[in-house]
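In the working numbering, the protein residues as written are 60 to 235.
Positions of the beta carbon are idealized from the N, C-alpha and C atoms, including for glycine.
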Amino acid sequence: MPDIHLVRTTGDAGAALLALARTVTGVDGLALTRACPRCGSGRHGRPVLLGAEGLFVSLSRPRSPGPAVAALCAGSAVGVDVENRGAAAFAGFDAVALHRQERCADDHARTRLWVRKEALLKAHGTGLATDPRRIWLAEDGAVRQGPPGTIVDGELDGQVIAVAVTPPAEIRLVRH
């Protein structure tokens, strides 16, 4: 069962992630970079921790003001996404984000579905290069159609947070 280490910060999310990595590994001299799985560029793409082989990391900042979240997992690719409650409350959301089988009762459900999908796509390294409408999630977050993974979510201080790992596995969240 992989542990996913999480930290929230109102400061520099990259610095918070490096501090978390040092705490978890006991290793100094780690560095954070990016790597695009499609083109190999280091100017964009998923965050990568240099100096700690086998550790996977993810970062998320809400679109509106609020703390960022950093996640770290040993041995399993991880994705995290955070948004303030109700962030998906805009006209046209369903058309750009929902699979044809998905329905959302309210804006809170839309935000929860969004962070789940984005966390899963980040764990796979594609982010929104993959159309979220191609992903069908059950109400409990189980993947019905799309890339495999395990998704857990919750709320903290008005934010909706989702974490995903691939390959699918039972996970344990460790808050720092």
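| request: Tell me whether the beta-carbon of K176 lies closer than 8 Å to the beta-carbon of V139. | output: Going by C-beta atoms, K176 is not nearer than 8 Å to V139.
| query | Looking at C-beta atoms only, is the number of pairs between the stretch 142 to 162 and the stretch 73 to 89 that lie closer than 8 Å three or more? | reply | Inter-segment contact for the stretch 142 to 162 and the stretch 73 to 89 is absent: fewer than three beta-carbon pairs are separated by less than 8 Å.
| A150 to E112, Cα distance in whole Å? | Taking the straight line joining both Cα atoms gives about 43 Å.
| Do the CB positions of R171 and F152 come within less than 8 Å of each other? | No. Outside cutoff.
| Roughly how many whole angstroms lie between the Cα atoms of A72 and L91? | About 11 Å.
| query | Are the CB atoms of E161 and L187 nearer to each other than 8 Å? | reply | No. Outside cutoff.
| task | Could you spell out the range, first to last residue, of the beta strand (DSSP E) harbouring T68? | result | Residue range D62 to T68 is occupied by the beta strand (DSSP E) that includes T68.
| query | How is the beta strand (DSSP E) around A178 delimited, first residue to last? | reply | Unbroken run through A178 is the alpha helix (DSSP H), D166 to A182; no beta strand (DSSP E).
| task | State yes or no: is the C-beta of I220 within less than 8 Å of the C-beta of V174? | result | A contact, by the Cβ cut-off of 8 Å.
| CA-to-CA distance, P206 to G88, given in whole angstroms | In a straight line, the C-alpha of G88 is about 34 Å away from that of P206.
| Checking contacts by CB at 8 Å: is A127 closer than that to chain B? | Structure shown: chain B not included; a single protein chain is present.
| If you draw a straight line from the alpha carbon of G70 to that of T189, how long is it in whole angstroms? | About 29 Å.
| Residues near R193 in its chain [Cβ-Cβ closer than 8 Å; skip 5 each side] | Excluding residues within five positions, the ones whose Cβ falls inside 8 Å are H158, Q204 and G205.
| said: Just to confirm before moving on: does the CB-CB distance between V116 and P124 stay below 8 Å? | reply: Going by C-beta atoms, V116 is not nearer than 8 Å to P124.
| task | Report the three-state DSSP secondary structure of V202 (helix, strand or coil). | result | When secondary structure is reduced to three states using DSSP, V202 falls in the strand class.
| According to DSSP, what are the bridge partners of C132? | As a beta-bridge residue in DSSP terms, C132 pairs with I63 and F115.
| said: Considering Cα atoms alone, identify which of G184, T185, L179 and H235 is closest to D212. | reply: It is L179.
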